[in-house]
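Residue numbers (the numbering used here): 577 to 740.
Idealized CB from N, CA, C, for every residue including glycine.
Structure, as structure tokens:
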Amino acid sequence: MKKLLDIFWVLMFLGIAAQAQNKEALNKIESARIALITERLELSPEQAEKFWPIYREYSNKRREAKRELMEARRGIDTENMTDEQGKNLMELNLRVKERMLSLEKEYNQKMLDVISSSQIAALRRAETDFNRMLLKRIQQRQQNQQRRDLMRERRQELYQQRNN
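Following this line, the structure appears as structure tokens:
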């Protein structure tokens with residue numbers, strides 16, 4: 577548990593935001609994800625050597641499927657879309673979900689050759705926990721930015737009142 581807190585604080589102090597577009601920040605996020613998963617799964621060095629290439633391949637394919645759906649959604653105004661566009665988007669959404677399920681089945685099987693089923697369950701929990709921590713961190717950064725903006729506006733108002 578202490579290591580989890582350490583990872584969380586490292587994330588906090590590094591000021592990582594999931595919205596960051598630069599590769600360095602994304603690499604730091606990925607490093608923190610790897611550290612958390614490695615700890616939670618209690619991977620031996622031998623397991624880690626075999627597990628991480630499989631997991632990276634799985635993650636990349638998952639990311640690719642999600643990106644396809646996001647790109648399709650980006651081009652459509654959901655409030656003004658036609659029935660045909662809605663139907664196409666719905667079908668694409670279902671195809672992506674089916675592909676995600678298929679990937680999960682395929683890669684669970686591959687991972688079972690390297691780690692136990694309880695470690696796979698721990699992997700799913702670790703992924704969920706990491707995503708929650710990251711989302712919480714993003715929300716905190718947004719709230720802090722809003723507070724800073726509000727304080728800046730108040731200071732400007734006070735400054736203008738004093739100078740009038």
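Please classify residue i as buried or exposed, where buried requires at least 16 other C-beta atoms within 10 Å of its C-beta.
i, result
"Tyr735", "exposed"
"Arg609", "buried"
"Phe589", "For Phe589, the pLDDT reaches just 49, beneath the cut-off of 50, and the residue's location in the model is therefore unreliable, leaving the point undetermined."
"Met687", "buried"
"Leu711", "exposed"
"Leu602", "exposed"
"Gln695", "buried"
"Arg798", "This structure gives no information on residue 798, because the portion of the chain shown stretches from 577 to 740."
"Arg728", "exposed"
If you run the structure through DSSP and keep just helix, strand and coil, what is residue i?
i, result
"Thr654", "coil"
"Asp659", "helix"
"Ser678", "helix"
"Ser635", "helix"
"Val690", "coil"
Who are the near neighbours of residue i in its chain, counting only those whose CB is closer than 8 angstroms to its CB and skipping five residues on each side?
i, result
"Leu679", "Tyr634, Lys637, Arg638 and Ala641"
"Glu733", "none"
Could you give the first and the last residue of the continuous alpha helix (DSSP H) run that contains residue i?
i, result
"Glu606", "Lys599 to Leu617"
"Ile714", "Ser693 to Asn739"
Given a cut-off of 9 angstroms, decide if residue j and residue i are closer than it, judged by their beta-carbon atoms.
i, j, result
"Glu703", "Leu668", "no"
"Leu617", "Leu699", "yes"
"Tyr683", "Ile630", "yes"
"Met657", "Leu670", "no"
In chain order, what residues of the same chain lie with their CB nearer than 6 angstroms to the CB of residue i, ignoring the 5 residues before and after it?
i, result
"Arg723", "none"
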